[in-house]
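Throughout the sequence shown, residue numbering follows full-length UniProt numbering, covering 1 to 228 in sequence. Every residue gets a Cβ at the ideal spot worked out from N, C-alpha and C, and that includes glycine. Remember, predicted model here, so these are calculated numbers, not experimental data. Taking it in order: structure first as structure tokens, then the write-up.
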Amino acid sequence: MTPPSSTPDLFDRLVAGARPDWSAYVDHAFVRGMGDGTLPQECFRHYLVQDYLFLIHFARAYALAIYKGRDLREMRASLNGLKAILDMEMDLHVGLCAGWGLPAAELEQAAESKATMAYTRYVLETGLRGDLLDLHIALSPCIIGYAEIGRRLAALPGALDDDNPYRVWIAEYAGEAYQEVARAARENLDRLAADGMTEARFPRLLTIFRQASRLEADFWEMGMTLAG
């Protein structure tokens, strides 16, 4: 996702500084398998269940971001993220799961995998011990990364064809509604950085971003291996 300015924004700088970790996440075998339709369907079902549990914790992270907000503008920005999860993404996810034979009751009763626990607790712990910028850096690989993955996959020949079982997932994250969520998240990072980041702090933020990106890759790997 290229910003309108030729000057790299904070997210671009983070990606550039974490290129191996970022590439391992956005170009994971799980992602490639969705693009060409070769991902085993049992892997995708396992991922869907865990992603539902994942979203619940990310909603909690946005609730924490509201609490961490220093003024109404920051609180409203975090509220928009919370509403995007609770009012859009969760409903879309439940509908997607239903199409894969996974009723809501089954999702609610599922046990969290180790990868789900590791990633979501890392984000929450980062937000609890840090400030709003730390928290949004930890959230950004998921929010902005899924938009990049969706857009990349949608551009592949055949990715959105009827015979690709993952076309609905791809279309959801490539769609304009979700792309706008990601654009807003990027802009929010820049607003927070303008008020709370020094160059001396950037390496610490990069460490958070790299760890979150690695945990994202681990989440795909959990789906690939059906790990608990």
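### Task
Give the straight-line distance between the Cα atoms of GLY145 and VAL15, rounded to the nearest whole angstrom.
Taking the sequence shown and counting its residues from 1, the one referred to as residue 145 is at position 145. Taking the sequence shown and counting its residues from 1, the one referred to as residue 15 is at position 15. If I take the Cα positions, the gap works out to 10 Å.
### Query
For TYR166, does the count of other Cβ atoms within 10 angstroms reach 16, so buried, or fall short, so exposed?
Position 166 of the sequence shown, counting from 1, holds the residue named residue 166. Taking all protein chains shown into account, TYR166 has 16 or more neighbouring C-beta atoms within 10 Å of its C-beta and is therefore buried.
### Query
Can you name, in chain order, every residue of its own chain whose Cβ lies under 7 Å from the Cβ of MET34, other than the five neighbours on each side?
For the purposes of this step, residue 34 is taken as residue 34 along the sequence shown, with counting starting at 1. Excluding residues within five positions, the ones whose Cβ falls inside 7 Å are LEU153, TYR166, TRP169, ILE170.
### Query
If you run the structure through DSSP and keep just helix, strand and coil, what is PRO3?
Within the sequence shown, the letter at position 3 stands for residue 3. With a pLDDT of only 43 at PRO3, under 50, the local geometry of the prediction cannot be trusted, and no value is derived from it.
### Task
Apply the 10 Å Cβ neighbour rule to LEU39 and answer buried if 16 or more other Cβ atoms are within range, or exposed otherwise.
Locating residue 39 in the sequence shown gives position 39, counting from the first residue. By the 16-neighbour rule on beta-carbons within 10 angstroms, LEU39 is buried.
### Query
On the three-state DSSP scale, how would you describe THR198?
For the purposes of this step, residue 198 is taken as residue 198 along the sequence shown, with counting starting at 1. In the structure shown, THR198 sits in coil (DSSP, three-state: anything other than H, G, I, E or B).
### Message
Does THR2 pass the burial test, meaning 16 or more other C-beta atoms within 10 Å, or should it be called exposed?
### Response
Taking the sequence shown and counting its residues from 1, one reaches residue 2 at position 2. Confidence at THR2 is low in this model, with a pLDDT of 41, below 50, so the placement of that residue is unreliable and no value is reported for it.
### Query
For SER113, which of helix, strand or coil comes out of DSSP?
In the sequence shown, counting from the first residue as 1, residue 113 sits at position 113. SER113: coil per DSSP, three-state reduction.
#### Entry: Closest residue to TYR52 among ALA98, LEU189, ASN164, GLY158 (Cα-Cα distance)
Along the sequence shown, read from residue 1 onward, the residue named residue 52 stands at position 52. Of the candidates ALA98, LEU189, ASN164, GLY158, the residue whose Cα lies closest to the Cα of TYR52 is ALA98.
### Query
Since PRO141 is in the alpha helix (DSSP H), which residue starts that stretch and which ends it?
The residue labelled residue 141 in the question sits at position 141 within the sequence shown. Run containing PRO141: 132-154, per the alpha helix (DSSP H) assignment.
### Query
Once you ignore the five residues that flank MET222 on each side, which residues in its own chain have a CB closer than 6 Å to its CB?
Stepping through the sequence shown from its first residue, residue 222 is reached at position 222. Cβ neighbours of MET222 beyond the five flanking positions: SER113, ALA115.
### Task
Please find out if some non-hydrogen atom of the ligand MG comes closer than 6 Å to the beta-carbon of TYR166.
Summarising the ligand content, the structure contains no ligands, and the ligand MG is consequently not present.
### Task
Report all residues from its chain with a CB closer than 6 Å to the CB of TYR25; omit the five preceding and five following residues, and keep chain order.
As a working mapping, residue 25 is identified with position 25 in the sequence shown. Around TYR25: SER213, GLU216, ALA217.
### Task
Please state if the CB of ARG151 and the CB of ALA185 are separated by a distance shorter than 7 Å.
Within the sequence shown, the letter at position 185 stands for residue 185. Within the sequence shown, the letter at position 151 stands for residue 151. Not in contact: ALA185 and ARG151 (Cβ atoms no closer than 7 Å).
### Task
With a floor of 4 residues, list each alpha helix (DSSP H) that falls wholly inside the stretch 4-28, ordered by position along the chain.
If only complete runs of 4 or more residues are kept, the stretch 4-28 shows the alpha helix (DSSP H) at 10-17, 19-26, in order along the chain.
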